[in-house]
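From first to last, the protein sequence lines stand for chains D and R. The first sequence begins at 1 in this note's numbering and counts up one residue at a time. The second sequence begins at 122 in this note's numbering and counts up one residue at a time. Report on one structure; see the data block that follows.
There are 2 protein chains.
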Amino acid sequence: MHADTNDARRQPSWECVDLAAEVLSLLSDPTRIRIVLALHHDEELPVNALAELVGKKPSGVSQHLARLRMARMVTTRQEGTSVLYRLTDEHAVALVVEAIRQAEHAVANGQIPPHHHTPRS
Amino acid sequence: MHADTNDARRQPSWECVDLAAEVLSLLSDPTRIRIVLALHHDEELPVNALAELVGKKPSGVSQHLARLRMARMVTTRQEGTSVLYRLTDEHAVALVVEAIRQAEHAVANGQIPPHHHTPRS
DNA sequence: TTAGTATCTGCGTATGCATGCAGATACTAA
DNA sequence: TTAGTATCTGCATGCATACGCAGATACTAA
Chain D
1 MHADTNDARR
11 QPSWECVDLA
21 AEVLSLLSDP
31 TRIRIVLALH
41 HDEELPVNAL
51 AELVGKKPSG
61 VSQHLARLRM
71 ARMVTTRQEG
81 TSVLYRLTDE
91 HAVALVVEAI
101 RQAEHAVANG
111 QIPPHHHTPR
121 S
Chain R
122 MHADTNDARR
132 QPSWECVDLA
142 AEVLSLLSDP
152 TRIRIVLALH
162 HDEELPVNAL
172 AELVGKKPSG
182 VSQHLARLRM
192 ARMVTTRQEG
202 TSVLYRLTDE
212 HAVALVVEAI
222 RQAEHAVANG
232 QIPPHHHTPR
242 S
């Protein structure tokens, strides 16, 4: 494969950093996180069911799914009028689970923003 | 015990999803990713050095560092006039590395648009 | 004084959400 | 069979908000 910039162990190329930022940005939305978690549980779901699960309008959920689809995080399968969405792999879930772990860790340590400076009178 | 929203679903509580979204949002910026990677490589760095490494103004880097500090992802140590920044743990790096892996995976599988607007093929 | 860092403000851009609408498909009645 | 209707999905628009960046300012330590 294209192993020209295979420096995942060292400092990854800055171009790859932008890609990673895009990936993290995709998963930085609560609605999309819920979509990923819902698909992790139910394997295959149409837009309507996902919209109800995450508590958003179907049209909005469709937009979110379009993004996840563009990033190859979900795949689709047509079934009548419905389009069943499914996770492409476990990478997205792994990322979300890691983020949740980090969030719980931060909460456990007390997430009070420590001001390094004298705040303000 | 207090019955959370974890009634029938084994998924993380929805409140935690918002926290995870904030964590991922923190890491969804290329500059902050570079900061995390730089600190992973050099262990301890002042604002000026980080600013030069990531190619941004020190004031902007300081703002990014303030965010990472609020999220307990970095800790500070004063040394003279400089403030040395250091990663709190490896969680942030793990998240970034996972994202980079996912990005490379997506690239290997096809195309991931740097910007989410496809030019009407 | 100088050097280093932190915070504030304005500007431009990006994002999420709700609304509305259009195309596609399934179903029912005659 | 055809005609009509309902449902589902996807796309475009407008609005409000958040974000990143650059510049200027304030504060601290040597």
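A virtual CB, placed ideally from N, CA and C, is assigned to each residue, including glycine.
Ends of the beta strand (DSSP E) at residue i?
i, result
"Arg153/R", "It is not in any beta strand (DSSP E) - Arg153/R instead sits in the alpha helix (DSSP H) that spans 151–163."
"Arg198/R", "195–200"
"Leu208/R", "203–208"
Should residue i be flagged as near chain D, meaning a C-beta pair shorter than 9 Å?
i, result
"Glu225/R", "yes"
"Ser180/R", "no"
"Val144/R", "yes"
"Val217/R", "yes"
"Glu172/R", "The displayed chain sequence assigns Ala, not Glu, to residue 172/R. With 9 Å as the cut-off, Ala172/R does not count as an interface residue toward chain D."
"Val138/R", "yes"
"Arg155/R", "yes"
"Ser203/R", "no"
"Leu189/R", "no"
"Leu148/R", "yes"
"Arg222/R", "yes"
"Leu158/R", "yes"
Does DSSP put residue i in a helix, a strand or coil?
i, result
"Leu50/D", "helix"
"Leu24/D", "helix"
"Ser59/D", "helix"
"Ala8/D", "A caution first: Ala8/D carries a pLDDT of 36, below 50, which makes its placement in the model too unreliable to give a value."
"Pro234/R", "Reliability of the predicted coordinates at Pro234/R is poor, the pLDDT of 41 falling under 50, and the value obtained from them is presented with this limitation in mind. Looking at Pro234/R - three-state DSSP - the assignment turns out to be coil, as it is neither helix nor strand."
Cutting at 6 Å between CB atoms, please list the residues of its own chain near residue i, excluding the five before and the five after it.
i, result
"Asn129/D", "The structure shown does not extend to residue 129/D, since chain D is modelled only from 1 to 121, so the question has no answer here."
"Leu189/R", "Val195"
"Leu53/D", "Ala38"
"Arg9/D", "Per-residue confidence for Arg9/D stands at a pLDDT of 38, beneath the threshold of 50, marking its modelled position as unreliable; the derived number appears in the next sentence. Excluding sequence neighbours, Arg9/D sits near nothing in its chain."
Under 7 Å Cβ to Cβ from residue i, same chain only, skipping five residues before and after it: list those, please.
i, result
"Thr88/D", "Arg72, Met73, Val74, Thr75"
"Ala172/R", "Lys178, Pro179, Val182"
"His40/D", "Leu87, Val93"
"His115/D", "Reliability fails at His115/D, whose pLDDT of 37 lies under 50, so the model's placement of it is uncertain and the value that follows must be treated cautiously. No residues qualify anywhere along the chain."
I'd like the list of long-range same chain contacts for residue i, defined as Cβ closer than 8 Å, with 5 residues on each side in sequence excluded.
i, result
"Leu27/D", "Ile33, Val36, Ala92, Leu95, Val96, Ala99"
"Leu84/D", "Glu44, Leu45, Pro46, Thr76, Arg77, Gln78"
"Asp29/D", "His64"
Verify the CB distance criterion: does residue i have a CB-CB separation below 9 Å to chain R?
i, result
"Trp14/D", "yes"
"His64/D", "no"
"Arg72/D", "yes"
"Pro46/D", "no"
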